[in-house]
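Peer 1: Residues -20 to -1, 1 to 195, numbered by mature numbering (1 follows the signal peptide of the UniProt record, and there is no 0), are exactly what the sequence shown covers, in order.
Ideal Cβ placement from N, Cα and C applies to all residues, glycine included.
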Amino acid sequence: MKKYILLFVASISFLTYSFAQKDPKALAILDKMSDKYQNQEAFEAGFKQQLINQNEGLDESFEGNILVKGEKFRIDIAGQQIFNDGSAIWTYSPDDEEVTVTASEEGEDEGLNPTTFYSAYKEGFLYAVIGHESLRGKNISVIDLTPEDKSKNFFKIRMRINTTDNEILSWEIFEKGGNNYLYTIENYKPIASISDNEFQFDTEDHPDVEVVDLR
């Protein structure tokens, strides 16, 4: 469970297709998408996270919400709350009355970080448009990303981008071991202004919670 969450908190890999390249058509779509998110003060969205392994007949899913402002984020998923204030990540489990603290840079290679999923393609990746789809009247471009570093534990990221409004609809991480992690975004909403306090876990408000500091 914790691994699944870390894969969201911190989100990338490579593609072995012979046509892998820096496709200018893909770059144009990715740049428009990136500009949209980077020009927002903050945003919130609902999401669905799925772990799929067809070889093992595995299909698990969780639903949650994200709130993002610059390098800060808050995630609510599967009964846990994750706060990143830009310097540390606090993973709070109310049922266990415990919060685990890690440095914010830990796990950055584990997957797509919700604060950088819209810009990760800019460095160390090849990308190509592999197709186009239509969904509920939306024009969707399907783009595969592959990191140039082939030592990554996953080999492909597949993004679906609505080219009408430049929003990401989903991205899927394909691991070498057979696990796929699919993230589907719903109800994206830009926010004009939000306090940094929303991204901090206040221990004074939770005096009975055990703090496990792993920094």
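In whole angstroms, what separates the C-alpha of Phe105 from that of Asn167?
Peer 2: The sequence position of residue 105 within the sequence shown is 125, counting from 1. The sequence position of residue 167 within the sequence shown is 187, counting from 1. Between Phe105 and Asn167, the C-alpha separation is close to 28 Å.
Peer 1: Using the beta-carbon count (16 or more within 10 Å), is Val48 buried or exposed?
Peer 2: Taking the first residue of the sequence shown as 1, we reach residue 48 at position 68. Its Cβ being crowded by 16 or more others within 10 Å, Val48 is buried.
Peer 1: With a threshold of 7 Å on Cβ separation, who are the neighbours of Ala83 within its own chain once the five nearest residues in sequence on each side are excluded?
Peer 2: Locating residue 83 in the sequence shown gives position 103, where the first residue counts as 1. Around Ala83: Ala68 and Arg195.
Peer 1: Here's the rule: buried if 16 or more other CB atoms are within 10 angstroms of the residue's CB, otherwise exposed. What is Asn79?
Peer 2: Counted from its first residue, the sequence shown places residue 79 at position 99. The question names Asn, yet the displayed sequence has Val at residue 79. Buried, since its Cβ has 16 or more Cβ neighbours within 10 Å.
Peer 1: Note down, one range per segment and in chain order, each beta strand (DSSP E) of at least 3 residues found wholly within the region 34 to 103.
Peer 2: 38 to 49, 52 to 57, 60 to 64, 68 to 73 and 78 to 83
Peer 1: Helix or strand or just coil, what does DSSP make of Pro170?
Peer 2: For the purposes of this step, residue 170 is taken as the residue at position 190 of the sequence shown. DSSP places Pro170 in strand when its eight states are reduced to three.
Peer 1: Give the secondary structure of Phe181 by DSSP, where H, G and I count as helix, E and B as strand, and everything else as coil.
Peer 2: Your numbering for residue 181 matches position 201 in the sequence shown. Per DSSP, reduced to three states, the secondary structure at Phe181 is coil, with no helix or strand assignment.
Peer 1: Residues in its own chain within less than 7 Å of Ser150 by CB, not counting five upstream and five downstream?
Peer 2: Mapped onto the sequence shown, residue 150 falls at position 170. Contacts found: Arg140, Leu162, Tyr163, Thr164 and Ile165.
Peer 1: Buried or exposed: which applies to Ala172, given that a residue is buried once 16 or more other Cβ atoms fall within 10 Å of its Cβ?
Peer 2: Locating residue 172 in the sequence shown gives position 192, counting from the first residue. Classification for Ala172: exposed.
Peer 1: Going by CA-CA distance only, name the one from Val109, Ile46 and Asp65 that's closest to Gln1.
Peer 2: The residue you call residue 1 lines up with position 21 of the sequence shown. The shortest Cα separation from Gln1 among Val109, Ile46 and Asp65 belongs to Val109.
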